[in-house]
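Here the protein sequences come in this chain order: A and B.
Heads up: the first sequence runs through residues 4 to 218, numbered per the numbering used here.
Heads up: the second sequence runs through residues 4 to 218, numbered per the numbering used here.
Positions of the beta carbon are idealized from the N, C-alpha and C atoms, including for glycine.
2 protein chains.
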Amino acid sequence: MARKPADQSVSREDIILAAADVLQRNGYETTTMKDIAAAVKLTAASLYHHFRNKDALLLAVLEAGLGRVLNEVERVARGNLPSEEKLRQMIRLHIVGLTNHTAVGAAMVFEIQSLMGTKNPPVEASEADREAYEDFIRRRNAFFERRDQFEMLFRDVIREGIENGSFRMVDAGIFVKLMLGAQNWVGVWYKPEGRLDGEAIAEMMADSLLRAIRA
Amino acid sequence: MARKPADQSVSREDIILAAADVLQRNGYETTTMKDIAAAVKLTAASLYHHFRNKDALLLAVLEAGLGRVLNEVERVARGNLPSEEKLRQMIRLHIVGLTNHTAVGAAMVFEIQSLMGTKNPPVEASEADREAYEDFIRRRNAFFERRDQFEMLFRDVIREGIENGSFRMVDAGIFVKLMLGAQNWVGVWYKPEGRLDGEAIAEMMADSLLRAIRA
DNA sequence: TTGATAATCTAATGCAAATTTGATTATTTG
DNA sequence: CAAATAATCAAATTTGCATTAGATTATCAA
Chain A
4 MARKPADQSV SREDIILAAA DVLQRNGYET TTMKDIAAAV KLTAASLYHH
54 FRNKDALLLA VLEAGLGRVL NEVERVARGN LPSEEKLRQM IRLHIVGLTN
104 HTAVGAAMVF EIQSLMGTKN PPVEASEADR EAYEDFIRRR NAFFERRDQF
154 EMLFRDVIRE GIENGSFRMV DAGIFVKLML GAQNWVGVWY KPEGRLDGEA
204 IAEMMADSLL RAIRA
Chain B
4 MARKPADQSV SREDIILAAA DVLQRNGYET TTMKDIAAAV KLTAASLYHH
54 FRNKDALLLA VLEAGLGRVL NEVERVARGN LPSEEKLRQM IRLHIVGLTN
104 HTAVGAAMVF EIQSLMGTKN PPVEASEADR EAYEDFIRRR NAFFERRDQF
154 EMLFRDVIRE GIENGSFRMV DAGIFVKLML GAQNWVGVWY KPEGRLDGEA
204 IAEMMADSLL RAIRA
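Structure representation (structure tokens):
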């Protein structure tokens, strides 16, 4: 029963990507560890060598997804383009990021909810378990903070634009929700084989959103 | 052990409303039948008197949620207000509908996914089981159709507006996705105790969206 | 080499939750 | 009223996973 012919061993990264993919199709709760394992030709048990448990794996998927986009968007937000151009770039980066990794995109929308559940606290648990639990909570909160940061980047650019007269007076909080809703939603309905590619969609949406806020 | 003092018996409707509520907090997969039952002071077993199974219950929740809003929006869409006013009303009805029933609102976004999974086909099942399964599939497809109908109502109004010169030339399909993304998203972040009520949010969003599409 | 560590596997274990079964109690209706 | 039907319950039953245990095999470093 020749096992492991000459393959490379599977990396954490491999698993995250594959998991995102499977997760997208099935959703967190209905995706089994076995499903994910199969996607990288491992057994479920083997996954535990790379991740403490299922939640930790989900979190890693989400972190990966957010991280990539957040960095790019942040660079633009901190730069000093005119407000309108800045916002346009940010929108494009977000949408194209989602369409390039549809798996992570949908996960970002749907699975975040799974993280929020009041994970049964650590009643009667070993030292190590308690530690693992706290670690998870820490990471989870960090993730949410980064997500809020993301939202804040948009909000700040909008405020800035209002101040310098590029944008009309709007409730920046609400307008950001509107934008992010529209943008996140792309991750839900976008299909690579569809009529338009990510760039084209981003282009159109940026046009519409800017028109909505231009002074 | 006096059971059932003098309460009225629980209706299908009661269960649907309570379920929507519980579902919102926990999500479909993590909400147990027991949780839902508790919300109407029944035992899990009793729920099976009202619904074939958990999926059927979820579907009923979603049908109820969509149905309410769809009817209202449809009436406006079929009416003959000027395009801009028509679209404004539709947006408002949708958003206010979501904020009034936050439970169903979030479910509409998050739980639909649970319906899509390729429900293990009916291998080796009794006659009755097969029938139940087919019934479920039928209802599920009907639900998706109605949801598409909803999207189409918006698309048609946009096309109409473009033709009569009220709206600028846009890709109606994409613009609808943008709108519905923004609107559905409200169901995700809205909190009744928040700074603004549903009406106010709907108002602002309608303003922005109309500005985006106005000729 | 050789020992340590990493990666993987097969085979349990354990448990939470959906669903069934088989009563019991309420409510209609003929 | 009496029988049928509806609504409910407590107590199994079942099952599908997540997770653990205990090997086995691969890889790397000294």
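When you compare the CB of residue i with every CB in chain A, is at least one pair closer than 8 Å?
i: B:E66; result: no
i: B:F113; result: yes
i: B:A5; result: Any reading at B:A5 needs caution, since the residue's pLDDT is 30, under 50, leaving its predicted position unreliable; the model's value is listed next. Chain A, which has no Cβ nearer than 8 Å to the Cβ of B:A5, makes this no.
i: B:A23; result: no
Whose Cβ in chain B lies nearer than 9 Å to the Cβ of residue i?
i: A:E32; result: G30, Y31, E32, T33 and S117
Going by Cα to Cα distance, which pick from the options is closest to residue i?
i: A:A23; options: A:A47, A:E66 and A:H52; result: A:E66
i: A:F113; options: A:R15, A:V189 and A:R198; result: A:V189
i: A:R15; options: A:D38, A:V25, A:A63 and A:R28; result: A:A63
i: B:M208; options: A:A185, A:G201 and A:Y31; result: A:A185
i: A:R95; options: A:A40, A:L73 and A:I165; result: A:L73
i: B:V107; options: B:N187, B:S211 and B:I204; result: B:N187
i: A:L183; options: A:E137, A:I161, A:A59 and A:L199; result: A:I161
i: B:I216; options: B:A203, B:A205 and B:A175; result: B:A175
i: B:R158; options: B:D58, B:L118, B:F147 and B:I177; result: B:I177
i: A:S12; options: A:H52, A:R28 and A:R91; result: A:H52
i: B:I98; options: A:W192, A:Y136 and A:L181; result: A:L181
i: B:T105; options: B:A205, B:Y193, B:V179 and B:R55; result: B:Y193
i: A:E196; options: A:V173, A:A110 and A:T102; result: A:T102
i: B:V179; options: B:E166, B:F170 and B:M155; result: B:M155
i: A:M2; options: A:F54, A:F146, A:D138 and A:M93; result: The question about residue 2 of chain A has no answer here: the residues shown for chain A are numbered 4 through 218.
Would you mind giving the Cβ-Cβ distance between residue i and residue j, rounded to the nearest angstrom? I have them listed as a contact below 8 Å.
i: A:L69; j: A:R150; result: 6 Å
i: B:F153; j: B:V79; result: About 12 Å; that fails the 8 Å criterion.
i: A:L26; j: A:T34; result: 5 Å
i: A:K89; j: A:G100; result: 17 Å between Cβ atoms; not a contact.
i: A:Q31; j: A:L50; result: What sits at residue 31 of chain A in the sequence shown is Tyr, not Gln. Between A:L50 and A:Y31 the Cβ distance is about 15 Å, and since that is not below 8 Å, they are no contact.
i: B:G168; j: B:E87; result: About 11 Å separates the two Cβ atoms, so there is no contact after all.
i: B:D17; j: B:N29; result: About 19 Å; that fails the 8 Å criterion.
i: B:A109; j: B:V191; result: 6 Å
Does residue i come within less than 8 Å of chain B when only Cβ atoms are used?
i: A:N187; result: yes
i: A:F157; result: no
Check the Cβ of residue i against every Cβ in chain A and list those closer than 7 Å, keeping chain order.
i: B:I204; result: I177
Starting from the beta carbon of residue i, find every residue of chain B whose beta carbon is closer than 7 Å, and list them in chain order.
i: A:D174; result: M207
Using a C-beta to C-beta distance shorter than 8 Å, which residues of chain A count as neighbours of residue i?
i: B:L101; result: Within chain A, no residue comes near B:L101; the closest Cβ sits about 11 Å away, beyond 8 Å.
i: B:L212; result: L181 and A215
List, in chain order, every chain B residue whose beta-carbon is nearer than 8 Å to that of residue i.
i: A:K180; result: A185, W188, V189 and W192
Give the residues of chain A in contact with residue i, contact being defined as C-beta atoms less than 9 Å apart.
i: B:L60; result: Near B:L60 there are no residues of chain A at all, since even the closest Cβ is about 16 Å away, more than 9 Å.
Can you tell me whether residue i sits near the ligand GDP, meaning its C-beta is under 7 Å from at least one heavy atom of the ligand?
i: B:R217; result: Ligands in the displayed structure: none, and consequently the ligand GDP is not present.
* Length at least 4, wholly inside the stretch 55 to 134 of chain B: the alpha helix (DSSP H) runs in chain order -> The stretch 55 to 134 of chain B contains these whole alpha helix (DSSP H) runs: 57 to 81, 86 to 103, 105 to 113 and 115 to 119.
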